[in-house]
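Chains as they are written, first to last, in our numbering: chain Z, 1 to 107; chain D, 1 to 154. The beta carbon of each residue, even a glycine, is placed where N, CA and C say it ideally should be.
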Amino acid sequence: MELRRDIFQAIADPTRRAILSLVALQSMTPGAIAENFNTSRQTISKHIQILTECQLLTQEQTGREIFYHFNPTKMKEVADWLEPFRQMWDERFNKLETIMKKYKSKK
Amino acid sequence: MEQKTKIYAEEGKQELVITREFDLPLELLFKAYIVPEIVEQWMGTKVLKLESKKHGSYQFETTDPQGNKYRFNGVIHEFTPNQKITRTFEFENMPFGVQLEFLEFEQLTHHTSKLKMHVIYESIAQKDQVLKIGMTNGINMAHNRLQDVVNKLK
Chain Z
1 MELRRDIFQA IADPTRRAIL SLVALQSMTP GAIAENFNTS RQTISKHIQI
51 LTECQLLTQE QTGREIFYHF NPTKMKEVAD WLEPFRQMWD ERFNKLETIM
101 KKYKSKK
Chain D
1 MEQKTKIYAE EGKQELVITR EFDLPLELLF KAYIVPEIVE QWMGTKVLKL
51 ESKKHGSYQF ETTDPQGNKY RFNGVIHEFT PNQKITRTFE FENMPFGVQL
101 EFLEFEQLTH HTSKLKMHVI YESIAQKDQV LKIGMTNGIN MAHNRLQDVV
151 NKLK
């Protein structure tokens, strides 16, 4: 598994986005998060580790349990900055795809 | 929903990577980069020059909704059909400097392909500036698209 501390790679993964959506609703323990997935507990805990390293999740120790919280500020940082640029390319590429599909059928 | 166009840009690094999977055979995707009339359509620019070969160069021109013209150009360093284009990119008359682009084309299946666009900037400040420009362009382009749609309704 990719262990780079890159926030964009962190959110590019569908499982990690699913974890973020869950934890955004309520703070959860690693065990409670893992129960929502069919993958092994180790895999999920790796995902949680990556999200924590990118500060998208924060840890809080409550007695013997660790709870994970979602950090919306960090998430917003990513979205605000790059999303318009991504959308510009996405629109261009959508257009490219449409044009070339027509091109193919014309031949 | 899984996004088709992904962007990876680490903070504190002067590079970024854009990837996109296309519902197109590799040859058609590559063609969209070398046939001037097709480039004009999807990039929304006028192609003044496009020499798709090693040591070739290109020059494009875009016009914003206010009628201002912007030109950009570059030199092609590496040209391997259906595989890779390495080229520079530079806005003319703007203080952003030159960026280096590595475009890698890859076949996924007979009907699908992938593009990886790796862009390296001269500095982090330059990267940030280009991203800001991208934002404004993105907004302009969305407006243009809307205008196209509206015109067709008439």
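Could you tell me the alpha carbon to alpha carbon distance between residue i and residue j, rounded to whole angstroms?
i, j, result
"residue 89 of chain Z", "residue 18 of chain D", "8 angstroms"
"residue 41 of chain Z", "residue 8 of chain D", "27 angstroms"
"residue 44 of chain Z", "residue 13 of chain D", "28 angstroms"
"residue 52 of chain D", "residue 100 of chain Z", "19 angstroms"
"residue 87 of chain D", "residue 56 of chain Z", "35 angstroms"
"residue 1 of chain Z", "residue 39 of chain Z", "Residue confidence for residue 1 of chain Z is low, a pLDDT of 42 falling below 50, so the modelled location carries little weight; the figure read from the coordinates is stated next. The alpha-carbon atoms of residue 1 of chain Z and residue 39 of chain Z are separated by roughly 14 angstroms."
"residue 18 of chain Z", "residue 33 of chain Z", "10 angstroms"
"residue 59 of chain Z", "residue 46 of chain D", "52 angstroms"
"residue 96 of chain Z", "residue 62 of chain Z", "52 angstroms"
"residue 10 of chain D", "residue 54 of chain D", "31 angstroms"
"residue 41 of chain D", "residue 61 of chain D", "12 angstroms"
"residue 30 of chain Z", "residue 74 of chain Z", "20 angstroms"
"residue 20 of chain D", "residue 30 of chain D", "13 angstroms"
"residue 149 of chain D", "residue 81 of chain D", "Low confidence applies here, because residue 149 of chain D scores a pLDDT of 47, under 50, leaving its location unreliable; read the following figure in that light. Rounded to whole angstroms, residue 149 of chain D to residue 81 of chain D spans 34 angstroms at the Cα level."
"residue 118 of chain D", "residue 102 of chain Z", "28 angstroms"
"residue 69 of chain Z", "residue 20 of chain Z", "9 angstroms"
"residue 39 of chain D", "residue 83 of chain Z", "23 angstroms"
"residue 47 of chain Z", "residue 68 of chain D", "47 angstroms"
"residue 34 of chain D", "residue 94 of chain Z", "17 angstroms"
"residue 115 of chain D", "residue 64 of chain Z", "47 angstroms"
"residue 63 of chain D", "residue 70 of chain D", "6 angstroms"
"residue 16 of chain D", "residue 131 of chain D", "10 angstroms"
"residue 32 of chain D", "residue 106 of chain D", "14 angstroms"
"residue 37 of chain Z", "residue 124 of chain D", "39 angstroms"
"residue 98 of chain Z", "residue 120 of chain D", "29 angstroms"
"residue 105 of chain Z", "residue 35 of chain Z", "48 angstroms"
Let's test the definition: count the other Cβ atoms within 10 Å of the Cβ of residue i and tell me whether it reaches 16, buried, or not, exposed.
i, result
"residue 113 of chain D", "buried"
"residue 94 of chain D", "exposed"
"residue 25 of chain Z", "exposed"
"residue 15 of chain Z", "exposed"
"residue 6 of chain D", "buried"
"residue 86 of chain Z", "buried"
"residue 4 of chain Z", "Because the pLDDT at residue 4 of chain Z is just 47, under 50, the model does not fix this residue reliably, and the point stays unresolved."
"residue 3 of chain D", "exposed"
"residue 111 of chain D", "exposed"
Am I right that residue i and residue j are in contact with their C-beta atoms under 8 angstroms? What's the rounded C-beta distance?
i, j, result
"residue 126 of chain D", "residue 89 of chain D", "The pair is not a contact, with the Cβ atoms about 12 angstroms apart (cut-off 8 angstroms)."
"residue 72 of chain D", "residue 92 of chain D", "6 angstroms"
"residue 59 of chain D", "residue 48 of chain D", "4 angstroms"
Shortest alpha-carbon distance to residue i belongs to which of the options?
i, options, result
"residue 67 of chain Z", "Z:24, Z:55, Z:17 and Z:28", "Z:28"
"residue 72 of chain Z", "Z:65, Z:22 and Z:15", "Z:22"
"residue 91 of chain Z", "D:44, D:38, D:129 and D:11", "D:44"
"residue 108 of chain D", "D:128, D:42 and D:83", "D:83"
"residue 85 of chain D", "D:121, D:15 and D:50", "D:50"
"residue 101 of chain D", "D:92, D:122, D:111 and D:81", "D:122"
"residue 57 of chain D", "D:69, D:70 and D:36", "D:36"
"residue 129 of chain D", "D:111, D:34 and D:98", "D:98"
task = Count the CB pairs spanning the region 42 to 53 of chain Z and the region 9 to 18 of chain Z that are closer than 8 angstroms, and state whether there are at least three.
result = yes
request  = Report yes or no: do three or more beta-carbon pairs, one from the region 63 to 76 of chain D and one from the region 22 to 30 of chain D, lie closer than 8 angstroms?
outcome  = no
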